[in-house]
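>
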Amino acid sequence: MLQKGIKFKYLYLPLGVFSIAMWWLIYSQLSRLASWITYNVFNIKQGSHLGASIQFFLYDTPKVMMLLFIVVFGVGIIRSFFTPEKTRAFLSGKSEFAGNIMAALLGIVTPFCSCSAVPLFIGFVTAGVPLGVTFSFLISAPMVNEIALGLLYGLLGWKIAVIYMGTGLTIAIVAGWVIGRLQLEHHIEDWVTSVKASAHNIPEEKLSWNDRIIYGWEAVKEIIGRVWIYVIIGIGVGAGIHGFVPQEFMASIMGKGTWWSVPLAVTIGIPMYSNAAGIIPVVEALLGKGAALGTVLAFMMSVIALSLPEIVILRKILKPTLIAVFVGVVGAGILFVGYLFNIII
9 MLQKGIKFKY LYLPLGVFSI AMWWLIYSQL SRLASWITYN VFNIKQGSHL
59 GASIQFFLYD TPKVMMLLFI VVFGVGIIRS FFTPEKTRAF LSGKSEFAGN
109 IMAALLGIVT PFCSCSAVPL FIGFVTAGVP LGVTFSFLIS APMVNEIALG
159 LLYGLLGWKI AVIYMGTGLT IAIVAGWVIG RLQLEHHIED WVTSVKASAH
209 NIPEEKLSWN DRIIYGWEAV KEIIGRVWIY VIIGIGVGAG IHGFVPQEFM
259 ASIMGKGTWW SVPLAVTIGI PMYSNAAGII PVVEALLGKG AALGTVLAFM
309 MSVIALSLPE IVILRKILKP TLIAVFVGVV GAGILFVGYL FNIII
């Protein structure tokens with residue numbers, strides 16, 4: 009143990025400090041580099057729509073990727089302390105409302121995506137976690153995850169990141185509590201309730217700091233390898249909006265003055281398939297073009313929390329009535345957030 013501590017102190021710590029310094033040096037020069045390539049290398053006229061789009065794309069692509077790398081690596085190390093087994097054990101037996109709060113908070117740092125919905129849901133149900141508490145986790149984990157918060161902070165500032173985290177957690181907690189109050193356990197598919205809980209009996213693996221750093225690196229390869237195409241597509245869409253969509257047009261359909269902008273944004277967002285990394289560049293471009301913050305937040309939340317592919321996957325374990333309640337309660341919360349922030353900001 010002493011040797012591992014010395015290795016971490018004298019090898020990984022200086023290497024980490026040097027890497028962060030180099031990361032910041034490169035990150036701080038991205039805007040200049042993107043402008044130089046756009047207007048000097050490509051010789052595109054400054055002030056043109058095409059130039060604005062290409063400059064946005066060349067700047068945001070490495071910026072988002074670099075933010076993704078450092079956020080996923082850091083939280084990957086944190087996640088090594090929060091295994092699914094620990095999460096299930098921690099949530100089981102908790103009182104309902106306290107469980108909703110803790111489940112929503114755990115959703116920020118616990119590995120979760122649509123593809124892991126089935127085993128995690130089964131594990132929670134069979135471990136005795138109340139249904140409403142489970143839903144608080146299912147809502148929070150994809151919507152208020154570390155990638156969303158890290159990218160929002162890096163691209164749009166801490167105020168919007170805090171607003172998003174606060175409203176997302178509130179939706180997860182309240183929606184989970186409401187679903188729990190409705191007592192819809194009989195709308196879980198029968199085969200789920202018949203599964204025997206065994207995952208929490210698996211002995212805990214002791215990890216060294218070397219193991220945790222490797223865990224963080226594996227998280228980078230896995231997550232960035234899975235989302236990079238959505239990032240490129242999202243930045244491409246954002247670049248098109250940034251360069252070619254008139255600000256007056258965007259403000260007319262997503263501004264505060266149109267009452268139907270929030271439900272329209274949610275309706276458009278649900279069928280889309282993206283993740284936080286892919287949708288945030290679009291959010292950045294929409295806000296830059298004058299779209300209202302509440303409308304944009306509602307759009308982003310609906311894409312991430314109520315995506316059609318996730319609903320299809322959850323259908324394997326939930327009956328249609330419970331799916332409808334889930335979509336209705338979460339959708340109502342998102343609409344409330346959209347209208348609230350359009351009024352107060």
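Everything in the sequence shown is counted per the working numbering, starting at 9 for the first residue and increasing by one. Built from N, CA and C at the ideal position, the CB exists for glycine as well.
Shortest alpha-carbon distance to L314 belongs to which of W166, V186, I86 and F143?
Nearest option by C-alpha distance: F143.
> If you compare alpha carbons, which of V200, V290, G251 and H194 is closest to Q54?
With respect to the C-alpha of Q54, the residue from V200, V290, G251 and H194 having the closest C-alpha is G251.
> Whole angstroms is fine: what's the gap from V78's alpha carbon to W44's?
The residue asked about is misnamed: residue 78 is Ile in this sequence, not Val. When rounded, the distance between both Cα atoms is 25 Å.
> From the DSSP output, in three-state form, read off L326 for me.
strand
> Relative to the C-alpha of S88, which candidate in L113, L272 and I221 has its C-alpha closest?
I221
> For the structure I just gave you, are there three or more beta carbon pairs, one from the stretch 302–312 and one from the stretch 336–348, closer than 8 Å?
yes
> Helix, strand or coil for I288, going by three-state DSSP, please let me know.
helix
> So, under 8 Å CB-CB, I278 and S310 are touching, yes? Tell me the CB distance rounded to an integer number of Å.
5 Å
> Under three-state DSSP, which class holds I342?
helix
> Taking DSSP as the reference, what is the three-state secondary structure of I196?
strand
> Taking only three categories from DSSP, how would you classify V137?
coil
> Work out the CA separation of L322 and M188 for me, nearest whole Å.
Looking at the sequence provided, one finds Gly at residue 188 rather than Met. For G188 and L322, the distance between alpha carbons rounds to 17 Å.
> How about I243 and F65: do their beta carbons lie closer than 7 Å?
yes
> Spatial neighbours of S206 within its chain, please: C-beta separation below 6 Å, excluding the five flanking residues on both sides.
Here S206 scores only 44 on pLDDT, less than 50, and its place in the model is too uncertain to base an answer on.
> Taking Cβ to Cβ, would you say P150 is nearer than 7 Å to I342?
no
> Could you give the first and the last residue of the continuous alpha helix (DSSP H) run that contains V182?
Going by DSSP, V182 is part of the alpha helix (DSSP H) stretching over W166 to R189.
> Please go through the same chain and pick out, in chain order, the residues whose beta-carbon is closer than 6 Å to the beta-carbon of M280, but skip the five residues on each side of it.
V311
> The alpha helix (DSSP H) that contains G55, what's its start and end?
Note, G55: premise wrong, no alpha helix (DSSP H); not H, not E.
> Have a look at D68, Q37 and P22 and flag the residue whose alpha-carbon is nearest the alpha-carbon of E292.
D68
> Nearest to K327 by alpha carbon, out of A247, A60, E193 and I249?
E193
> With a 10 Å radius around its C-beta and 16 neighbouring C-beta atoms as the bar for buried, classify N48 as buried or exposed.
exposed
> For M262 and L301, which I take to be in contact (beta-carbon distance under 8 Å), what is that distance rounded to the nearest angstrom?
At roughly 10 Å, the Cβ-Cβ gap does not stay under 8 Å, so M262 and L301 are not in contact.
> Between N350 and V235, how many whole angstroms is the CB-CB distance? I'm expecting something under 8 Å.
That pair is no contact at about 29 Å.
> Below 7 Å between beta carbons: does that hold for A285 and I181?
no
> Helix, strand or coil, according to DSSP, for F26 in the structure here?
Under the three-state reduction of DSSP output, F26 falls in the helix class.
> By a C-beta neighbour count over all protein chains shown, 10 Å radius and 16 as the cutoff for buried, is V25 buried or exposed?
Taking every protein chain shown into account, the CB of V25 has fewer than 16 other CB atoms within 10 angstroms, so this residue is exposed.
> If you drop the 5 nearest sequence neighbours on each side, which residues of the same chain put their C-beta closer than 7 Å to that of M9?
Legend: pLDDT at M9 = 47, less than 50; position of this residue unreliable, no value from coordinates given.
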